[in-house]
Amino acid sequence: MLFWFLSIIWLSLIIFLICLFLYLRKKKNNEILYIIIPLICIGMWAIHWLILLYFGWFKVDYYDYGIWAYQGVPYTDFGFYYFAGRQLLIDPNRFYQKKHGTWAITSLPFFLMLWAISLSLLPYIISYFIWYILHYISAVLFVLEFNKILKLLGIKEKIHRFLFLMVISNGNLILFQFALNQSKFLLGTILLFILRREIQYNKEEKQKDFKYKFSTYFLFVMIVGMDPYFIFLLLIFIFHDIPFGKLFKKENLKTYGIVTLIFLGQNFLFIIYPGLIFDYFKIFRDYQGLQFSLALYYLAFINTNFIIPNAAKFIISLILLIILYEIIGFLLITKKLKIHEKFSYFAISFIFLNCLVERTFIILFPLILLLFIPFLHQDEIGRDFIKKNKFVLIGLISVLGIYLSNVTMEGLNLHYPDLFGGGTGLLIFTVLLGICLLKLYLNKDFYIVERKQEV
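Just so you know, we're using the working numbering here: the sequence shown kicks off at 512 and counts up by one.
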């Protein structure tokens with residue numbers, strides 16, 4: 512109960528910081544306040560979890576609230592990385608055969624090799640807190656990169672960027688990242704860096720030389736190694752500028768070769784130990800099988816309160832996956848969308864159609880927020896701003912509601928208040944998000960004409 516009230520204190524402090532920004536935003540000596548406040552908010556949620564650890568919520572080697580503990584600190588995603596890295600040093604051939612916790616590791620060898628030569632060599636507790644600090648630094652860089660993308664996409668006013676940044680910097684979803692002490696903020700920072708640089712190069716019409724391509728694909732393949740589902744974004748990125756009739760042009764064949772060589776170079780253990788390929792395939796198959804037994808995150812409360820036949824789950828999941836892959840296929844083929852629009856459409860499709868999406872919420876929702884930018888009327892103020900941007904604001908509030916909701920794959924967090932009725936709130940906010948996007952894009956021509964008239 513004490514930590515439940517601590518969450519309320521944080522939320523109250525966040526509201527105070529917002530009011531402070533609104534009061535001071537016109538003063539010249541507070542020009543960077545709009546970026547500092549979201550970073551402070553992330554820091555508060557990181558401190559929140561450290562307070563839980565300090566007061567001994569975790570005992571040694573036990574299981575509670577869906578989270579394992581080891582040596583007094585959580586054995587979550589960090590534990591998977593740490594012991595997987597050690598396994599690489601002990602016996603790489605059994606890397607994917609050994610489970611690290613409740614699940615086998617799904618990352619490709621390169622990412623865990625980085626652990627094997629660094630943090631996995633240190634004592635568990637020391638490594639945990641080093642990674643925790645790096646995790647927070649990654650979260651800071653994540654917000655900074657997102658802010659740069661907002662600037663490049665034409666959001667000029669700081670107060671408008673502040674709205675977007677506050678949405679992605681608060682709530683149980685942020686707390687959950689630090690509770691698991693995972694790598695999603697690092698992954699998201701690299702992805703936003705790639706996207707921001709691509710937008711910047713296209714905007715300035717810079718030539719993309721070999722150095723640019725190699726560094727970009729090296730980072731992108733690394734992302735895929737951290738979370739294999741992002742291979743879809745890699746494919747979208749590769750084929751974005753390649754017309755269908757020029758797929759086998761010499762220059763494009765070189766690009767495919769570069770990506771292939773980078774992948775093989777990063778994951779050379781697959782060549783040295785071919786058995787790892789089959790072991791990884793079995794793990795990936797098991798995870799894919801979960802698609803047909805789990806409910807979509809926004810329908811989880813239905814799955815909890817009602818008995819749904821397994822056959823019905825299987826059929827629905829299969830239909831949703833087919834639709835998802837068709838959308839991905841369309842994004843691969845079409846040349847009418849910009850690269851950030853393709854990433855955003857992939858994100859919204861993944862959110863609505865994939866049952867394993869919760870692990871990537873922290874990355875996908877910022878991409879979804881980019882869909883609202885073309886419809887933001889920036890010249891209005893006061894009531895006119897709210898009236899003109901009502902669907903954009905409702906969409907932002909919906910995403911913020913999902914961030915603040917107290918439901919994850921592990922269930923309720925007993926140290927965070929249930930603000931919106933658990934799964935019911937997730938359903939309401941997700942439906943609102945979908946309605947707002949549909950309303951805006953179904954009337955896209957109207958909004959474009961209106962914005963041109965204002966300019």
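Think of the CB as a built atom: it goes at the ideal place given N, C-alpha and C, for glycine as much as any other residue. Note that this is a predicted model, so its numbers are computed, not measured.
Is residue i buried or exposed, if buried means 16 or more other CB atoms sit within 10 Å of its CB?
i       : result
Val-571 : The predicted position of Val-571 is uncertain, since its pLDDT is 40 and thus under 50; a value taken from the coordinates is nonetheless stated next. Label assigned to Val-571: exposed.
Ser-638 : buried
Pro-549 : buried
Gly-506 : With the chain represented from 512 up to 966, any question about residue 506 goes unanswered, as that position is not in the structure.
Thr-700 : buried
Ser-629 : exposed
Lys-899 : buried
Glu-762 : exposed
Glu-837 : exposed
Gln-598 : buried
Ile-862 : buried
Gly-596 : buried
Leu-949 : exposed
Thr-771 : exposed
Tyr-952 : exposed
Phe-886 : buried
Ser-726 : exposed
Asn-681 : buried
Asn-683 : buried
Ile-547 : exposed
Going by beta carbon distance, what residues of the same chain come within less than 6 angstroms of residue i, once the five residues before and after it are set aside?
i       : result
Phe-621 : Gly-736, Gln-777, Asn-778
Phe-876 : Val-910
Phe-883 : Val-903, Gly-906
Gly-945 : none
Leu-600 : Ala-627
Lys-901 : none
Trp-619 : In the sequence under discussion, the amino acid at residue 619 is Leu, which differs from the Trp named in the question. Excluding positions up to five away in sequence, the list reads Gly-736, Asn-778.
Phe-743 : Ile-839
Report back the beta-carbon spacing between residue i and residue j to the nearest angstrom; my notes put them in contact at under 8 angstroms.
i       : j       : result
Ile-747 : Leu-842 : 5 angstroms
Leu-943 : Ile-905 : 6 angstroms
Asp-588 : Gln-693 : 4 angstroms
Ser-916 : Gly-893 : Between Gly-893 and Ser-916 the Cβ distance is about 30 angstroms, and since that is not below 8 angstroms, they are no contact.
Leu-691 : Phe-653 : About 16 angstroms separates the two Cβ atoms, so there is no contact after all.
Ile-660 : Ile-710 : 7 angstroms
Phe-741 : Trp-556 : Contact flag wrong, Cβ pair sits at about 24 angstroms.
Ile-859 : Ile-879 : 5 angstroms
Lys-717 : Thr-766 : At roughly 17 angstroms, the Cβ-Cβ gap does not stay under 8 angstroms, so Lys-717 and Thr-766 are not in contact.
Pro-739 : Phe-795 : 7 angstroms
Ile-666 : Gln-802 : Not quite, the Cβ-Cβ distance comes to about 36 angstroms (not below 8 angstroms), so this is no contact.
Ile-553 : Ala-650 : 5 angstroms
Tyr-593 : Tyr-635 : 6 angstroms
Thr-941 : Ile-913 : 7 angstroms
Tyr-728 : Ile-769 : 6 angstroms
Ile-679 : Phe-696 : Contact flag wrong, Cβ pair sits at about 11 angstroms.
Tyr-784 : Pro-603 : 6 angstroms
Lys-853 : His-751 : 7 angstroms
For residue i, report the span of its alpha helix (DSSP H) as first-last.
i       : result
Asn-821 : 821-844
Arg-796 : 786-801
Asp-588 : 588-601
Ser-909 : 901-915
Thr-935 : 934-953
Gly-736 : 721-737
Ser-641 : It should be pointed out that residue 641 corresponds to Ile in this sequence rather than to Ser. It spans 635-663 - the alpha helix (DSSP H) in which Ile-641 sits, taken as one unbroken run.
Ser-860 : 850-864
Arg-708 : 695-715
Tyr-767 : 761-777
Ile-783 : 780-783
Gln-688 : 683-691
Lys-669 : 669-678
Pro-877 : 872-880
Leu-746 : 742-749
Among the residues of its own chain, which have a CB less than 7 angstroms from the CB of residue i, if the five just before and after it don't count?
i       : result
Asp-575 : Only weak support is given to the placement of Asp-575: the predicted model assigns it a pLDDT of 41, under 50, and the question is left unresolved by the model.
Leu-831 : Leu-864
Phe-731 : Ile-705, Leu-745, Phe-748
Phe-755 : Ile-844
Between which residues of its own chain and residue i is the CB-CB distance below 8 angstroms, once the five residues before and five after are set aside?
i       : result
Asn-715 : Note that residue 715 is Glu in the sequence shown, not Asn. Nothing meets the Cβ criterion.
Lys-662 : Arg-672
Trp-560 : Leu-686, Phe-689, Ala-690
Tyr-607 : Ala-615, Ile-616, Leu-787, Asp-790, Tyr-791, Lys-793, Ile-794
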